Amino acid sequence: MISADARRAPHRGWLLWAVYGVLGAVLLAYLVSLVVRADNSSELVDGWLVAAFEFVGSGLCFLRAWLSPGRRAVPLAFGVGTLSWAVGDLLLTMESSGGATVPTPSIADVFYLGFYPALYVGLVLLVRRQARDVTSAMWLDGIVAGLGAAGVCAAFIFGTLVRTTGADPAAVATNLAYPMGDLILLALVVGVSAILPGRRNAQWVFIAVACAVNAAGDTANLLKAPGGDFGFATIFDAVAWPTAILLISLALWLPGRGKALGVAHKAPGMILPALGAASGLAILLFGSFHPVSAVALGLATATLVVVGLRFWVSVVQMRALTHKRHRQAVTDDLTGLGNRRQLFYLLNDFFADAADPTTPRRDLGLLFIDLDHFKEINDSFGHSAGDELLRQLGPRLIGSLRSTDVLVRVGGDELGVVIMDADIEYATAVARRLIAKLEEPFVLDAVSVRISASIGIASAPTDAGDSAGLLRCADLAMYRAKLRASSYETYRKDIDEDGNRLRLVEELRTATQEGRFLLHFQPQVNLGTGEVTAVEALLRWPHPRLGLVPPLDFLPLAEEAGLMPLITDWVVDQALAQSATWRAAGRDVPVSVNVSVSNLLDKRFIPSVSEALGRHHLPGSALTVEITETSIISDFDECKRVIGELRTLGIGVAIDDFGAGFTSLAYLGTLAVSELKLDRTFITGIAEGADRDLALVRATIELGHALGMRVVAEGVEDDATLTVLGGAGCDIAQGFFISHPMPAADLVLAAVVVSGPPQLSVASNAG
1 MISADARRAP
11 HRGWLLWAVY
21 GVLGAVLLAY
31 LVSLVVRADN
41 SSELVDGWLV
51 AAFEFVGSGL
61 CFLRAWLSPG
71 RRAVPLAFGV
81 GTLSWAVGDL
91 LLTMESSGGA
101 TVPTPSIADV
111 FYLGFYPALY
121 VGLVLLVRRQ
131 ARDVTSAMWL
141 DGIVAGLGAA
151 GVCAAFIFGT
161 LVRTTGADPA
171 AVATNLAYPM
181 GDLILLALVV
191 GVSAILPGRR
201 NAQWVFIAVA
211 CAVNAAGDTA
221 NLLKAPGGDF
231 GFATIFDAVA
241 WPTAILLISL
251 ALWLPGRGKA
261 LGVAHKAPGM
271 ILPALGAASG
281 LAILLFGSFH
291 PVSAVALGLA
301 TATLVVVGLR
311 FWVSVVQMRA
321 LTHKRHRQAV
331 TDDLTGLGNR
341 RQLFYLLNDF
351 FADAADPTTP
361 RRDLGLLFID
371 LDHFKEINDS
381 FGHSAGDELL
391 RQLGPRLIGS
401 LRSTDVLVRV
411 GGDELGVVIM
421 DADIEYATAV
431 ARRLIAKLEE
441 PFVLDAVSVR
451 ISASIGIASA
461 PTDAGDSAGL
471 LRCADLAMYR
481 AKLRASSYET
491 YRKDIDEDGN
501 RLRLVEELRT
511 ATQEGRFLLH
521 FQPQVNLGTG
531 EVTAVEALLR
541 WPHPRLGLVP
551 PLDFLPLAEE
561 AGLMPLITDW
571 VVDQALAQSA
581 TWRAAGRDVP
591 VSVNVSVSNL
601 LDKRFIPSVS
611 EALGRHHLPG
621 SALTVEITET
631 SIISDFDECK
641 RVIGELRTLG
651 IGVAIDDFGA
661 GFTSLAYLGT
671 LAVSELKLDR
681 TFITGIAEGA
691 DRDLALVRAT
701 IELGHALGMR
711 VVAEGVEDDA
721 TLTVLGGAGC
731 DIAQGFFISH
741 PMPAADLVLA
751 AVVVSGPPQL
761 SVASNAG
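Counting in full-length UniProt numbering, the sequence shown runs from 1 upward without gaps.
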């Protein structure tokens with residue numbers, strides 16, 4: 001286990017281990033010689049040898065500093081401290097040569113005691129380097145643990161030391177300075193262990209052992225030599241000091257990286273501070289009944305004072321943590337704005353005050369903002385660009401608000417603004433300012449992007465009496481703004497009556513943009529051959545709340561909202577895609593789709609249909625467009641022109657629901673229509689033998705044939721009607737009796753026998 005520097009130069013690592021191995025072996029041999037020589041040891045020889053060991057250890061500290069550019073402070077401090085101790089040992093050896101008595105204090109004591117401040121500086125620098133994220137509470141925990149440990153040591157040692165150091169004040173002060181210095185070192189190391197339990201490493205282990213060995217050597221020497229007489233015959237203190245210095249130097253060469261901080265205040269990390277606090281309390285209690293040194297009592301008192309300070313810091317931290325967690329709970333992570341939770345906090349507080357009769361009346365305005373076409377930005381530039389747009393949006397809009405107004409992100413591309421002490425007129429003025437700000441371009445990935453928004457405005461307590469109701473009012477007003485393509489709308493009571501419809505329109509708009517529709521297909525059977533000659537594509541909307549919505553329930557809304565061109569484009573594309581799939585499988589099955597008058601009057605309708613045919617590599621005959629009589633009458637000349645263009649492309653054109661409207665027969669003869677579809681009401685009852693109804697059906701079929709059109713009867717629901725239609729010369733039939741509309745995957749197209757229930761024409765793949 002060596003440092004990164006040594007790993008980068010392997011020969012250096014082996015050399016270091018060799019040096020410390022030799023030093024350890026020599027130190028062990030010296031220890032053995034002390035044991036063997038016992039009373040015959042030479043204090044002079046021992047003193048020079050110990051000093052030599054200490055100078056080598058100090059030199060290794062300075063070598064570490066020289067080899068660590070940019071991180072020299074700690075090894076330099078350790079080097080100065082160990083050098084000071086080694087010089088003190090050298091001076092003591094020189095002063096005691098020839099058997100001379102060394103006074104206490106002496107010049108050697110100055111260098112001995114210089115060891116401690118240098119070590120303190122080095123340890124503090126090491127802690128700061130390895131634990132830059134230590135909090136004030138963690139430092140206090142370390143101080144509690146250190147003071148408690150120092151108090152225990154003082155309680156057991158200082159009384160004896162005072163008795164053995166004599167009455168000379170200078171000698172007493174000097175001799176007590178050593179255990180005091182050792183206590184501070186040990187307290188610092190114990191404190192580090194308390195605040196950095198997740199960072200303990202080889203460095204701190206060796207430093208802790210070195211400090212403990214040095215303290216034990218000092219204590220043994222003082223207890224052995226009353227009056228300050230430092231002898232070198234004692235085996236323990238002769239070996240303890242050089243061992244401590246060598247361990248300190250070795251610690252500098254070991255890895256100093258620890259694990260990430262984060263476990264310091266879990267249960268294991270709180271053991272030492274808890275023991276320190278308990279020790280301080282125990283010393284004070286013990287001192288009430290037995291004599292204890294003043295130093296121990298002072299340390300115990302200081303421990304409990306720091307414990308009280310630590311408790312106060314904990315209270316402050318808990319309050320700060322509670323505030324921080326509350327801020328996080330009401331803050332949107334992406335934008336830094338308030339979130340939906342904060343919106344309801346503000347609204348709930350407002351309505352709680354409004355319910356208090358002693359509180360003066362206040363008004364509140366709520367803006368509900370929905371960005372238009374935000375999905376298109378995500379699709380075009382990516383979701384990261386959409387996120388960046390939302391991040392830019394907050395600061396821009398906040399600039400148009402008062403300091404008391406609050407902008408929140410409700411969710412997705414929806415924002416809300418709470419405007420305190422504002423009536424509906426002021427809220428409307430704010431909405432206009434926000435719209436103006438939104439008109440300014442945003443820069444996303446070096447591209448200038450412009451957006452718009454729809455804003456709903458509601459006021460409390462006028463419009464609603466609770467938070468959910470007010471948000472609903474603003475939401476409905478926003479939907480009205482979208483439906484009318486206006487920038488903003490204020491809530492009115494009449495909007496509430498149409499609220500569900502407005503919401504459905506917006507949901508339909510989203511479904512249109514994202515293509516959330518289904519096509520079911522209903523076969524059309526040739527009554528002469530029994531073959532399935534075509535299918536009609538029927539649109540369905542799978543709504544998450546309403547289930548499968550039929551077209552009659554949502555297409556009028558689509559017309560009103562101007563969504564029909566997009567929906568028709570989707571239907572044509574999907575229907576032709578399915579026809580291409582059948583064609584690839586060997587079945588040429590044309591598809592019919594319904595189009596509205598808005599499609600016929602749309603200049604891009606013909607190009608869009610032509611493009612879809614080309615995209616799926618299909619001829620025009622693969623598609624039939626069904627048009628109602630009312631669509632043609634609304635603008636006959638334009639419809640006639642569009643029908644002619646469709647027929648030029650080879651696309652079939654059918655008059656849907658024929659007989660239910662008021663189409664002039666003269667007009668019918670001028671249209672290039674390829675197919676007549678008899679309305680279901682036209683054929684109802686012909687199976688009961690109503691001669692008049694049957695005569696009308698026969699006449700219509702003959703008229704269609706005379707004009708060169710195929711005649712299709714839809715709404716066939718029984719075998720008798722199917723048989724009558726076949727006898728009347730009808731070409732094609734369609735209805736529930738033949739097959740209900742179903743997904744393409746469930747259809748199996750096959751020939752049928754017309755004379756009976758055509759059960760083989762369409763079957764489920766499952767069966």
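All C-beta atoms in this analysis are idealised placements derived from N, C-alpha and C, irrespective of residue type, glycine included.
Just so we're clear, the structure is a prediction, and the values are computed from it rather than from any experiment.
Per-residue DSSP class, three states only, for residue i
i: Met-564; result: helix
i: His-520; result: strand
i: Pro-542; result: strand
i: Asp-719; result: helix
i: Thr-512; result: helix
i: Ser-608; result: helix
i: Ala-575; result: helix
i: Arg-480; result: helix
i: Arg-391; result: helix
i: Met-709; result: coil
i: Phe-442; result: strand
i: Val-19; result: helix
i: Leu-364; result: strand
i: Gly-228; result: Residue confidence is low: Gly-228 scores 41 on pLDDT, short of 50, so the model does not pin down where it sits. Its coordinate-derived value is still stated next. In the structure shown, Gly-228 sits in a helix (DSSP, three-state: H, G or I).
i: Thr-462; result: coil
i: Thr-681; result: helix
i: Glu-489; result: strand
i: Thr-331; result: strand
Of the residues the options, the one placed nearest residue i, counting alpha carbons only
i: Asp-657; options: Leu-649, Val-712, Ile-686; result: Val-712
i: Ile-184; options: Pro-544, Ile-457, Val-525, Leu-113; result: Leu-113
i: Leu-250; options: Arg-472, Val-330, Pro-75, Ser-608; result: Pro-75
i: Leu-678; options: Ala-240, Glu-626, Phe-111; result: Glu-626
i: Pro-103; options: Val-56, Asn-175, Ala-733; result: Asn-175
i: Leu-371; options: Lys-603, Asp-463, Ala-485; result: Ala-485
i: residue 771; options: Thr-568, Val-593, Arg-587, Glu-638; result: Since the first and last residues shown for the chain are 1 and 767, residue 771 lies out of range.
i: Leu-476; options: Ala-216, Asp-635, Ser-467, Arg-503; result: Arg-503
i: Glu-688; options: Asp-719, Leu-703, Thr-700; result: Asp-719
i: Lys-375; options: Pro-565, Ala-108, Arg-509, Leu-367; result: Arg-509
i: Gly-416; options: Ser-631, Phe-368, Arg-396; result: Phe-368
i: Phe-521; options: Val-192, Phe-206, Pro-741, Val-239; result: Pro-741
i: Ser-58; options: Ile-701, Phe-115, Phe-554; result: Phe-115
i: Ile-655; options: Val-642, Ile-632, Arg-450; result: Ile-632
Expected contact under 8 Å - CB spacing of residue i and residue j to nearest Å
i: Gly-465; j: Phe-351; result: 7 Å
i: Asp-405; j: Ile-419; result: 5 Å
i: Trp-85; j: Phe-111; result: 7 Å
i: Gly-715; j: Ile-683; result: 7 Å
Counterpart residues of residue i in DSSP-defined beta bridges
i: Val-408; result: Gly-338, Gly-416
i: Glu-507; result: None, per the DSSP bridge assignment.
i: Ser-454; result: Asp-370
i: Ile-655; result: Ile-627, Leu-676
i: Ile-732; result: Asn-526, Val-712
i: Val-449; result: Phe-442
Assigned exposure category for residue i - 16 Cβ within 10 Å defines buried
i: His-616; result: buried
i: Gly-227; result: Note that Gly-227 scores a pLDDT of 42, beneath 50, so its modelled location is shaky; the value from the coordinates is reported in the next line. With fewer than 16 other Cβ atoms within 10 Å, it is exposed.
i: Asn-348; result: exposed
i: Met-318; result: exposed
i: Lys-482; result: buried
i: Leu-343; result: buried
i: Arg-409; result: buried
i: Trp-241; result: buried
i: Ser-384; result: exposed
i: Pro-523; result: buried
i: Val-505; result: buried
i: Phe-232; result: Here the model assigns Phe-232 a pLDDT of 43, short of 50, so the residue's position is not dependable and the matter cannot be decided.
i: Gly-399; result: exposed
i: Gln-328; result: exposed
i: Val-22; result: exposed
i: Thr-358; result: exposed
i: Ser-380; result: exposed
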